[in-house]
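Note that the protein sequences, when read in sequence, are chains A and B. Sequential numbering from -16 applies to the first sequence in our numbering. Sequential numbering from -16 applies to the second sequence in our numbering. Right, one structure below, let's go through it.
2 protein chains.
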Amino acid sequence: MQRILSTDLSTRTGEPVRLAGWVHRRRLLKSVAFLVLRDAAGLAQVVVTEPAARAALAALTEESVVAVAGTVRANPAAPGGVEVVDPTIEALTDPAEAPPFDLYRPRLTAALPTVLDSAYLALRHPRRRAVHEVSAAAVAGFRSALSERRFVEVHTPKIVASATESGANVFGVDYFGRPAYLAQSPQFYKQMLVGVFERVYEVGPVFRAEPHDTVRHLAQYTSLDAELGFIEDHRDVMAMARDAVAGMLGAVAAQAGAALRLLDLALPEVPARIPEIRFPDALELVGAEPDEPDLAPAHERALGEWARREHGSELLFVTAYPMAKRPFYTHPEPGRPGLSRSFDLLFRGVELATGGQRRHRYGDYVAALAERGEHDLAPYAGYLDTFRHGMPPHGGFAIGLERFVARLVGAANVREVTLFPRDLSRLTP
Amino acid sequence: MQRILSTDLSTRTGEPVRLAGWVHRRRLLKSVAFLVLRDAAGLAQVVVTEPAARAALAALTEESVVAVAGTVRANPAAPGGVEVVDPTIEALTDPAEAPPFDLYRPRLTAALPTVLDSAYLALRHPRRRAVHEVSAAAVAGFRSALSERRFVEVHTPKIVASATESGANVFGVDYFGRPAYLAQSPQFYKQMLVGVFERVYEVGPVFRAEPHDTVRHLAQYTSLDAELGFIEDHRDVMAMARDAVAGMLGAVAAQAGAALRLLDLALPEVPARIPEIRFPDALELVGAEPDEPDLAPAHERALGEWARREHGSELLFVTAYPMAKRPFYTHPEPGRPGLSRSFDLLFRGVELATGGQRRHRYGDYVAALAERGEHDLAPYAGYLDTFRHGMPPHGGFAIGLERFVARLVGAANVREVTLFPRDLSRLTP
């Protein structure tokens, strides 16, 4: 008999069915026993009364993999309104050893290091799994929003000859005996590819040898990168970032409904136009000194509060960051010395995306690097050469997937929403 | 005025329009001059007669970025049946320096190293660009085929503590002072995640420190990986691989039509059931010794010919490979000592995908590793532990994106279809 999923049971009342999955929980009462079976779709209650089946159930352990054949019966008291009765239970592999934590409790209560050490088990918890269903839907939404807007998906090198963002925080690689590095971002490549496709995006791993152990940094994370040409200025990029985030949240709503219900999550509205504040005004609003070069996390939280209070928005663009704190490829703001055509997008008071217009003239790049004391252009060969050969005004943005998901599901630590996190101390599993 | 794309011109006859793009080619004749403009969608012919515009065009160079305002006129002799007349031409950035090869010729004739050294320019050639539009569509098709079949997309670590496939051919990484490696495949992680989601896929970079310079190997390539649980045997995996390839080709047909026409490509049919041959029979068919442990490239070509001749199929499954040549996680074929429940999928006589059923019992893994002389299980901790805690019968497959595209477009060297290839000698651009 063809296996069906737990969520299909309600359409099969009175029929014989076959389920398969993990023993989520057993309850052996005096006159009756229950098996709660977990599969990819959810949970199913199996009622065991017959002595042979009861003996089979008693011999099983939690997390063992079984197939169950039985008959579907309506029972308003059962989860989902149905249960399986008169079952025969067949083990599909050896009995499972006991996990280091109870997966059947409503929440995983083990400490984070224990959870991460046994991530392959902890992820089986329905709430953990739901987080990653939300994540997968968000990525799908990012891709469709951009594909619909003529962006082409690309795959760029992750092993590079020189650091892309700055000399610090790069992982070294032994490349056939030569020194190389893991790419900190696809920044240079996505700009080069604007010259080819006009609009590109990439979803892929980026690597930061972050020497600090914080709740928001990972040594490897998934970056959602986009870059587009023939723009007027950074506002065209902001409009696209807004559409990408709206696409992500729209896909979460459409494709991860069960996960949202399980996690009891409400999704934020994305305004047609996300409110904006200029960096100098933001400093004033939060009461910081006017010569601060960047926003501290506490400032970002205060701005998030302000946006919700004043604009009813959980999203806020901060624009016109000082050039001093932005990478050399950032386009300056004409007529406003020291300020840039860049932005951060704050989501509930945390930086979610960063972007802006980039320089597009070769001479401007050479001057910008010289201003930062970089006179050796060899590490930028290929990248810089692109701008000798005709590049349109362009810009782009990047969204850190794990930060987005953490903020969306209210996780305090980005590791809680990463399948197998990598950080200063963690290289396994 | 809002910019439109070259492909939209035919719907605007008689109207004023604005185009933007690259100077693909200029032709300055006696009484008239032509500008062929290239944008993301294609080419547009601009007719220049007015002296000021002609002077502007004469001052431009190929690959310069311009905006053109003019009026659309029908002209059956022009490409696409329309052209732009009475133009004003505005440079959007500095004049471009001349590329090392002519991008306006029907084909790029430069030698491959020259092409790869200036990949950021060579990719602008319409035929090169088209290859990557085909590639992007294929990846989109892979994802939708699997998403529709309940697969969840995952992102797994690319920095790992030990080699996944074998001790050889791994790149070493300095991980905060500790030795680590770049992942050769997401194999261990996708198996572990079958225990969570039942069905997973990943599209991402994999790394092989391949010490040989061949036309089919890259140091980094894009792997399309899938793994599924609750299977009967490898045939369920083969059916899914078939559906994934059909989805890839279907998406190429649906989303990359213009690229296919430009490249003059015919897509292969995917039979509802791809023909199969068992490895021992394949050896006999190609006249190899019966104790050969693997198929040589010439054997694969001969099998490809045979499949086309005998079955009218450009795809062929070879099954039951010897265990000796498959990784330790491969499931043996019951009752056929030495043979496995694994397969390769040949596409036009070249290996495109490899896969099979995996072992799912902890004891079987320990025995398999011991048989290969591996008694220290520490490097496999986490992965092996998964099988102590209930894993269903499962299997999966992986498709090398660049090999698939190379075979599809008839490229002799996989580097021709890779944006920025990495190999023994190439680390830039």
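Cβ atoms here follow ideal geometry from the backbone N, Cα and C, with glycine treated the same way.
- Under a criterion of Cβ atoms nearer than 9 angstroms, the residues of chain B adjacent to A/Leu165 are, in order, Lys141, Ile142, Val156, Leu165.
- For the segment 235 to 276 of chain B, the full-length beta strand (DSSP E) segments reaching 3 residues or more read 259 to 261 along the chain.
- Contact check for B/Ala36 and B/Pro70: beta-carbon distance about 6 angstroms, within the 8 angstroms limit, so the pair qualifies.
- The three-state secondary structure of A/Gly383, taken from DSSP, is strand.
- Nearest CB-CB separation between B/Tyr363 and chain A: not below the 8 angstroms threshold.
- The contact set of A/Ala3 on chain B, defined by CB atoms closer than 8 angstroms, consists of Phe213, Pro375 in chain order.
- In summary, the residues of the segment 0 to 27 of chain A whose CB is separated from some CB of chain B by less than 9 angstroms are Ala3, Gly4, Trp5, Val6, Asp22, Ala23, Ala24, in the order they occur in the chain.
- Rounded to whole angstroms, the Cβ separation of B/Leu20 and B/Val51 is 6 angstroms, and the two are in contact under 8 angstroms.
- Counting only the Cα atoms, A/Leu40 lies some 18 angstroms from A/Val55.
- For the segment 305 to 334 of chain B, the beta-carbon criterion of a distance under 9 angstroms to any beta-carbon of chain A is satisfied by none of its residues.
- When rounded, the separation of the alpha-carbon atoms in B/Asp100 and A/Pro376 is 24 angstroms.
- For the 8 angstroms CB-CB criterion, B/Ala255 and B/Ala336 do not form a contact.
- Per the DSSP secondary-structure output, B/His294 pairs with nothing in a beta bridge.
- The alpha-carbon of A/Ala227 is positioned some 43 angstroms away from that of B/Phe311.
- Note that the segment 396 to 406 of chain A does not touch the segment 243 to 254 of chain A; fewer than 3 beta-carbon pairs, one per stretch, sit closer than 8 angstroms.
- Comparing alpha carbon positions, the residue from B/Gly25, B/Ala237, B/Ala353, B/Leu(-8) closest to B/Arg8 is B/Gly25.
- One Cα belongs to B/Ala209, the other to B/Phe387, and the distance between them is close to 16 angstroms.
- Checking the DSSP bridge columns, you'll see B/Ala105 has no partner listed.
- Short of 6 angstroms from the beta carbon of B/Leu104, and not among the five residues preceding or following it, lie these beta carbons of its own chain, in chain order: Pro82.
- Among the residues of chain B, those whose CB is under 7 angstroms from the CB of A/Gly178 are Tyr103, Arg107, following chain order.
- Of the candidates A/Gly187, A/Val349, A/Pro109, A/Glu46, the residue whose Cα lies closest to the Cα of A/Pro140 is A/Gly187.
- Uninterrupted alpha helix (DSSP H) stretches at least 4 residues long and entirely within the segment 348 to 380 of chain A occur at 366 to 369, given in chain order.
- For B/Arg161, there are no CB contacts under 7 angstroms within the same chain when 5 residues up- and downstream are skipped.
- For A/Asp216, the three-state secondary structure derived from DSSP is coil.
- Taking 8 angstroms as the cut-off, the Cβ atoms of B/Ser118 and B/Leu384 count as close.
- Taking the beta carbon of A/Thr(-4) as reference, no residue of chain B falls within 8 angstroms; the closest one sits roughly 23 angstroms away.
- Put simply, of A/Phe84, A/Leu266, A/Gly124, A/Arg331 the residue whose alpha carbon is nearest the alpha carbon of A/His108 is A/Phe84.
- The beta carbons of A/Gly339 and A/Arg324 sit closer together than 8 angstroms.
- Looking at the backbone, the Cα of B/Ile382 and that of B/Val333 are separated by about 12 angstroms.
- Comparing alpha carbon positions, the residue from A/Val31, A/Arg(-5), A/Met(-16), A/Val48 closest to B/Phe370 is A/Val48.
- Closest in C-alpha terms to B/Ala144, from the list B/Val137, B/His138, B/Val153, B/Glu136, comes B/Val153.
- Closest option to B/Ala16, judged by alpha-carbon separation, among B/Trp5, B/Ala192, B/Thr32, B/Arg1: B/Thr32.
- Put simply, of A/Asp77, A/Met231, A/Pro59 the residue whose alpha carbon is nearest the alpha carbon of A/Leu391 is A/Met231.
- In the displayed model, A/Ala119 falls within a helix according to three-state DSSP.
- The contact set of B/Pro82 on chain A, defined by CB atoms closer than 8 angstroms, consists of His372 in chain order.
- Those residues of the segment 87 to 98 of chain A placed with their C-beta closer than 7 angstroms to a C-beta in chain B do not exist.
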